[in-house]
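Asker:
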Amino acid sequence: MKSLNKGKEELKRFRQQVMERTKEERLVIRRKARQSAKKWNRLIGMQHMFIGALVFGLITGVLSYSGVLEEADHWVSDGIYHMIARKQSNSYIRIISIDEKTVKKYGEYEEWSREKTAKLIRQLNQWEDNTPSVIGLDLDYSEEKDPKGDQALVEACSDYKNICFSAHAVLDENTKDGRQPQTAGQSAIGKPLETGVMGERRIEEIRKPFDQLFAQVTVGIANSTKDSEDGFVRGAFFSVQMGGAKIDSFATAIYKMHRDNRGKEYTIPKLEEDQSFQFTFSKRSQEYTTYSFVDVLEGRIDPTAFGDCIVLVGEFTEDMTFRVPNQRNTQMYELEMQANILEALLEQRTGQEASKGFMAVFFAFFMAMFFIATSYSSDKLTIVIALLMSVIQLFACWIVNLCGYYVNILVAIIMFTVITIYSMVVRYFAAIQNQYAMEGVFKKYVDENIITALGKDGRIEAHIGVVSKDIAVLFVDIRGFTSLSESLPPEQIVEILNAYLELVAQVIAKYQGTLDKFIGDAAMAVFNSPIDLEDYEFRAVCAALELCGKASNLNEMCKKEYGKQVTFGIGIQCGEAVIGNIGCEMRMDYTAIGDTVNTAARLEGAASSGQILISREMMQRLRGRIKTRFAGEYTLKGKRHAVPTYAVEGIIHAE
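Mapping of the sequence shown onto the numbering used here: residues 7 to 661, in sequence order.
#1: I'd like the span of the beta strand (DSSP E) that includes residue 174, first residue to last.
#2: Starting from the N-terminal side, write out each stretch of the beta strand (DSSP E) that is 3 residues or longer and does not extend beyond the segment 539–592.
#3: Going along the chain, which residues of its own chain have a beta-carbon closer than 6 Å to the beta-carbon of residue 162, five neighbours each way excluded?
#4: Kindly indicate which residue of 311, 68, 479 has the alpha-carbon position closest to the one of residue 585.
#5: With H, G and I counted as helix, E and B as strand and the rest as coil, what does DSSP make of residue 58?
#6: Report the CB separation of residue 145 from residue 317 in whole angstroms; it is logged as a contact under 8 Å.
#7: Apart from the five residues just before and just after residue 373, which ones in its own chain have a Cβ nearer than 7 Å to its Cβ?
#8: What number of angstroms, rounded off, separates the C-alpha of residue 652 from the C-alpha of residue 431?
#9: Pair every Cβ in the segment 104–111 with every Cβ in the segment 280–287, then say whether three or more of these pairs are closer than 8 Å.
#10: Between residue 273 and residue 354, which are expected to be in contact by the criterion C-beta below 8 Å, what is the C-beta distance as a whole number of angstroms?
#11: For the beta strand (DSSP E) containing residue 115, list its first residue and its last residue.
#12: What is the DSSP secondary structure of residue 527, reduced to helix, strand or coil?
#13: Identify whether residue 256 lies in helix, strand or coil by the three-state DSSP scheme.
#14: Whose C-beta lies closer than 6 Å to the C-beta of residue 299 among residues of the same chain, with five residues either side of it excluded?
#15: Give a yes or no on whether the C-beta atoms belonging to residue 212 and residue 263 are separated by under 8 Å.
#16: What residues in its chain sit with their C-beta under 6 Å from that of residue 307, if we drop five residues either side in the sequence?
#17: Around the Cβ of residue 655, are there at least 16 other Cβ atoms within 10 angstroms (buried) or fewer (exposed)?
#18: Taking buried to mean at least 16 other C-beta atoms within 10 Å of its own C-beta, is residue 663 buried or exposed?
#19: Can you tell me whether residue 292 is buried or exposed, with buried defined as 16 or more other CB within 10 angstroms of its CB?
#20: Do residue 545 and residue 518 count as a contact pair if the criterion is CB distance below 8 Å?
#21: Rounding to the nearest angstrom, what Cα-Cα distance links residue 639 and residue 628 in this structure?
#22: Within a Cβ cutoff of 7 Å, which residues of the same chain sit near residue 245, ignoring the five residues on either side of it in sequence?
#23: For the segment 215–230 against the segment 167–174, are there 3 or more C-beta pairs whose distance is under 8 Å?
#24: Less than 6 Å between C-beta atoms, sequence neighbours within five positions excluded: which residues of the same chain meet that for residue 657?
#25: Let me make sure I understand the geometry here. Which of 617, 597, 214, 534 has the alpha-carbon closest to that of residue 555?
#26: Mind checking whether residue 505 and residue 560 have CB atoms under 8 Å apart?
#27: What number of angstroms, rounded off, separates the C-alpha of residue 154 from the C-alpha of residue 143?
#28: Report the residue from 243, 433, 619, 242 whose alpha carbon sits nearest the alpha carbon of residue 605.
#29: Decide if residue 427 is buried, meaning its Cβ has at least 16 other Cβ atoms within 10 Å, or exposed.
#30: Cα separation between residue 648 and residue 573?
#31: Which whole runs of the beta strand (DSSP E) in the segment 96–169 are 3 residues long or more, in chain order?
#32: Would you check if the distance between the CB atom of residue 70 and the CB atom of residue 397 is smaller than 8 Å?
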């Protein structure tokens with residue numbers, strides 16, 4: 007008797023130790039889950055962050071420096087810069103065109119008497135307090151024509167100090183090696199002609215206005231645009247080298263005259279070594295205010311419309327057009343090109359293209375900082391940071407542009423997009439791996455079906471809440487465990503217990519039941535919760551029969567190694583139960599409670615070794631499918647009346 011009491015006390019202590027150990031293990035879940043999460047979060051850890059920043063910075067630098075995207079980059083950058091310039095344009099440049107209407111009335115301008123040009127100059131300057139700031143005439147008057155007309159033009163120009171005529175450089179197109187030709191002469195413009203240079207091209211001759219006219223006016227070279235490698239005009243020469251002196255371009259000469267006439271100093275833009283600069287187009291073709299030469303000359307246009315403006319006069323002919331980046335499908339007339347260059351000088355929207363080395367370092371730095379900034383942000387925050395960094399990048403480009411440099415920004419746009427997508431994809435897969443890792447930890451403590459029920463959007467969430475549901479509940483317990491605990495050390499008892507619980511877990515999973523909990527040497531399983539099952543009552547009985555069948559293997563092992571017998575007692579009940587998360591926010595269990603659960607536990611307690619007891623309700627639901635025999639009526643704890651029970655002996659028909 008004393009030995010029996012001692013065994014019971016030892017069993018009680020052992021069960022308490024197991025329960026305490028179970029509680030401790032449950033408390034470890036979160037810590038292990040966090041440790042597992044850290045393993046996968048290394049993808050976005052410090053090492054990954056700095057390596058990624060270096061890699062993306064290098065990729066950006068190489069793309070920017072190599073120029074592989076230069077043509078596409080020009081297309082994007084042109085659009086952005088010209089859109090900004092177009093919105094800011096408030097031009098006071100007017101164009102008087104020798105158009106088809108004028109040619110139809112007077113003929114080709116080369117055949118006119120130059121008295122018409124003289125009349126136009128006087129007509130524009132007739133109001134002394136409202137004259138144009140500058141009148142720029144892009145007309146070829148390099149040779150004398152009729153004495154009367156020439157003299158009238160010279161006299162008109164001598165009466166006013168706001169006249170600028172164009173000259174045209176005759177270029178040797180075969181000289182493009184960048185070597186500066188030798189000069190031989192004394193003056194910049196005059197005869198005999200000297201050789202000069204415009205960029206990489208040698209100037210063979212400058213066709214200037216005839217001598218009498220040249221002495222009365224300011225002159226600038228009109229054909230001074232500079233094509234990019236893709237054939238579009240993005241640059242112009244501020245001046246050209248000729249005979250040891252510099253000659254202003256047509257737009258430069260007008261710009262200087264305009265500033266001088268207003269009593270203001272002019273600003274020299276940031277120039278390349280060849281005296282060229284890049285500029286931003288302000289307007290497209292036919293967007294400048296344009297008047298017909300004949301309408302102005304015949305008084306149909308009020309001269310005050312040109313007051314304090316810069317007036318450009320010239321031809322609109324198809325053989326004098328240019329490909330421009332702000333209107334790629336339409337060519338621009340030369341006079342409109344001069345207007346854009348002039349407005350760029352006036353508004354200081356000029357500069358030179360930043361060096362490839364500078365752009366490589368500039369963009370590489372921003373991409374590295376952007377990658378670091380997005381490494382520890384959420385998906386939504388990544389998008390916000392991307393937008394913010396884009397604004398900062400554009401602001402930095404604007405500052406660089408104010409300093410006189412143009413930067414191409416397509417590489418930055420592409421890399422911003424790539425890094426944003428990369429960060430979100432990496433974070434997505436890291437979240438999946440983290441979920442798998444957390445599930446791997448939880449599966450050791452919680453049934454997989456419960457994890458599936460709690461899983462939501464890649465996260466494991468638990469909230470207090472229950473539902474009522476019809477289920478089948480199975481309880482199983484080791485018979486003879488008391489004698490084992492009396493005669494074996496705890497380590498060996500734990501080995502037997504683990505083998506038994508492993509068997510229970512495998513069989514329950516096979517029939518898609520949910521292993522609710524281990525209670526010392528007992529186990530509770532639920533069928534039809536949280537996963538809905540068909541024929542869940544039959545599944546529970548099949549699981550019980552298989553457990554009893556496989557108990558013989560465990561029994562043989564115990565006999566062989568420990569000289570002890572181990573058998574199972576099982577109880578099954580079906581009916582309504584309360585299912586869900588039960589507890590408090592700090593600690594809860596996903597379990598089933600109610601009379602159905604209590605009855606199943608009592609049936610298990612009443613079952614003898616190797617016996618499966620079920621209730622009448624269970625037997626009636628499976629009538630004709632399982633073999634049963636009446637096992638008697640038992641007075642179960644919590645029940646007023648005796649409960650009829652039935653022992654399951656096998657299966658009749660499995661559907």
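Beta carbons are placed, not taken as given, at the ideal position from N, Cα and C, and that holds for glycine. Keep in mind the model is a prediction, meaning the values are calculated, not measured.
Answerer: Taking the structure as given:
#1: Residue 174: member of the beta strand (DSSP E) spanning 169–178, first to last residue.
#2: List check, beta strand (DSSP E) in window: 573–589.
#3: Excluding sequence neighbours, residue 162 sits near 124, 127, 128.
#4: Nearest of 311, 68, 479 to residue 585, Cα basis: 479.
#5: Three-state result, residue 58: helix.
#6: Between residue 317 and residue 145 the Cβ distance is about 13 Å, and since that is not below 8 Å, they are no contact.
#7: Result list for residue 373: 62, 63, 66, 421, 425, in chain order.
#8: Roughly 58 Å separates the two Cα atoms.
#9: Flag = no, the segment 104–111 and the segment 280–287 do not touch.
#10: At roughly 6 Å, the Cβ-Cβ gap stays under 8 Å, so residue 273 and residue 354 are in contact.
#11: Counting along the chain, residue 115 falls outside any beta strand (DSSP E), and DSSP gives it neither H nor E.
#12: Three-state DSSP puts residue 527 in coil, outside helix and strand.
#13: In the structure shown, the three-state DSSP call for residue 256 is helix.
#14: Its chain contains 102, 104, 108 as the residues whose beta carbon lies nearer than 6 Å to that of residue 299, once the 5 sequence neighbours on both sides are disregarded; these appear in chain order.
#15: Cβ distance not < 8 Å, so residue 212 and residue 263 don't count as in contact.
#16: Here the set comprises 297, 301.
#17: By the neighbour-count rule (16 or more Cβ atoms within 10 Å), residue 655 is not buried but exposed.
#18: The structure shown has nothing for residue 663, since the chain only spans 7 to 661.
#19: Here residue 292 is exposed, its C-beta having fewer than 16 other C-beta atoms within 10 Å.
#20: Yes; because the gap between Cβ atoms is below 8 Å, this pair is in contact.
#21: Each residue's alpha carbon lies about 19 Å from the other.
#22: 252, 253, 254, 255, 258, 281, listed in sequence order.
#23: Contact holds: three or more Cβ-Cβ distances are below 8 Å.
#24: Closer than 6 Å at the Cβ level, and outside the excluded window around residue 657, lie 632.
#25: For the set 617, 597, 214, 534, the Cα lying nearest the Cα of residue 555 is the one of 617.
#26: Cβ atoms of residue 505 and residue 560: closer than 8 Å.
#27: Their Cα atoms are separated by approximately 20 Å.
#28: The residue with the shortest Cα to Cα distance from residue 605 is 619.
#29: It counts as exposed.
#30: Approximately 26 Å between the Cα atoms of the pair.
#31: With a minimum length of 3 residues, the continuous beta strand (DSSP E) runs that stay inside the segment 96–169 are 99–104, 140–144.
#32: Against a cut-off of 8 Å, the Cβ pair of residue 397 and residue 70 comes out as no contact.
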